[in-house]
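Q: Residue numbers (full-length UniProt numbering): 1 to 199.
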Ligand code: ADP
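Following this line, the structure appears as structure tokens:
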């Protein structure tokens, strides 16, 4: 890991993180590292990790920090993350923040910006219901969605104040057209001196 842009995107389940993450990845030439995607891929492929976490993920609970931290460490050590990355869905607990801080610091790095997508709860439930129909996600039943929102509010919302105190927080309105949200993020990042790679 050296040089580069190190970003994190946070927001409640269904706020559109995955969609915006793909845009940012492309614009800045950095990989998105989504712990949710990694867990889902492992579940789908029936790996040892997948078997271990399936019931937890399906229920909308958080996978134990130890397991998640180890997974992210391996992923960040891959070559494509050396020039920066965008984390999506990690860190999500205070322990994960502490772990990531130390991991990055051990390489002389730190997060540059934390993008927070802000979105209305009702709109989100509607979006997630649509996604459940389109993608058949097991954790997108209405009950599971509500549970994930509760877990997020309890476990992850408190991290936002922490990032704000560090001056890392970029708050972006996540409602509206995908392009509009992407433009807001790009403007916010530019305002912090982060420019996309030349097209
Ligand atoms: P969401 O749309 O709910 O934000 P994600 O795709 O980010 O969903 O994550 C899906 C599920 O994967 C979570 O509900 C949780 O079970 C698990 N997961 C993902 N990231 C983490 C993490 N950092 N720590 C613990 N569990 C995680």
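Positions of the beta carbon are idealized from the N, C-alpha and C atoms, including for glycine.
Apart from the five residues just before and just after residue 100, which ones in its own chain have a Cβ nearer than 6 Å to its Cβ?
A: Correct list, in chain order: 91.
Q: Assuming residue 35 and residue 22 are in contact, meaning their beta carbons sit under 8 Å apart, how far apart are those beta carbons, in whole angstroms?
A: At roughly 16 Å, the Cβ-Cβ gap does not stay under 8 Å, so residue 35 and residue 22 are not in contact.
Q: I want to check one thing, is the minimum distance from the CB of residue 136 to the heavy atoms of ligand 1 below 6 Å?
A: It does not: the Cβ of residue 136 is nowhere closer than 6 Å to a heavy atom of ligand 1.
Q: Does DSSP put residue 173 in a helix, in a strand, or in coil?
A: Three-state DSSP puts residue 173 in a strand.
Q: Let me know the alpha helix (DSSP H) ranges lying completely inside the stretch 65 to 139, each 4 residues or longer, listed in chain order.
A: List check, alpha helix (DSSP H) in window: 65 to 76, 94 to 105, 121 to 135.
Q: Taking buried to mean at least 16 other C-beta atoms within 10 Å of its own C-beta, is residue 121 buried or exposed?
A: Label assigned to residue 121: exposed.
Q: Under 8 Å: do the stretch 104 to 116 and the stretch 4 to 20 share three or more Cβ pairs, one atom per stretch?
A: Cβ pair count under 8 Å is three or more, so yes.
Q: Along the alpha helix (DSSP H) that carries residue 19, what are the first and last residues, could you check?
A: Looking at the DSSP string, the run of the alpha helix (DSSP H) that includes residue 19 is 17 to 28.
Q: Excluding five sequence neighbours on each side, which residues of the same chain lie with their C-beta closer than 8 Å to the C-beta of residue 129?
A: Counting only Cβ-Cβ distances below 8 Å, and skipping sequence neighbours, we find 140, 142, 145.
Q: Going by the DSSP bridge assignment, what does residue 210 pair with across the sheet?
A: Outside the displayed range of the chain (1 to 199) lies residue 210, so it cannot be described from this structure.
Q: DSSP three-state label for residue 168, please.
A: If DSSP states are grouped into helix, strand and coil, residue 168 belongs with coil.
Q: Look up residue 214 in the DSSP assignment and give the residues it is bridged to.
A: Because the chain here runs from 1 to 199, residue 214 falls outside it and cannot be looked at.
Q: Is it a yes or a no for the stretch 76 to 90 touching the stretch 51 to 61, going by three-plus beta-carbon pairs under 8 Å?
A: Contact fails: fewer than three Cβ-Cβ distances are below 8 Å.
Q: State the DSSP-derived secondary structure class of residue 5, mapped to helix, strand or coil.
A: Strand, per DSSP.
Q: What is the DSSP secondary structure of residue 151, reduced to helix, strand or coil?
A: Helix.
Q: Less than 8 Å between C-beta atoms, sequence neighbours within five positions excluded: which residues of the same chain meet that for residue 76?
A: Around residue 76: 1, 33, 85, 103.
Q: Quick one: residues in its chain with C-beta nearer than 6 Å to the C-beta of residue 27, no 5 flanking neighbours on either side, listed in chain order?
A: Result list for residue 27: 196, in chain order.
Q: Express the C-alpha separation of residue 30 and residue 194 in angstroms, rounding to a whole number.
A: Cα to Cα, the separation comes out at about 13 Å.
Q: Could you check if residue 154 is buried or exposed, using at least 16 other CB atoms within 10 Å of its CB as the buried criterion?
A: The residue is exposed, with fewer than 16 neighbouring Cβ atoms inside 10 Å.
Q: If we count the other Cβ atoms within 10 Å of its Cβ and call it buried at 16 or more, is residue 93 buried or exposed?
A: By the 10 Å Cβ count, residue 93 comes out buried.
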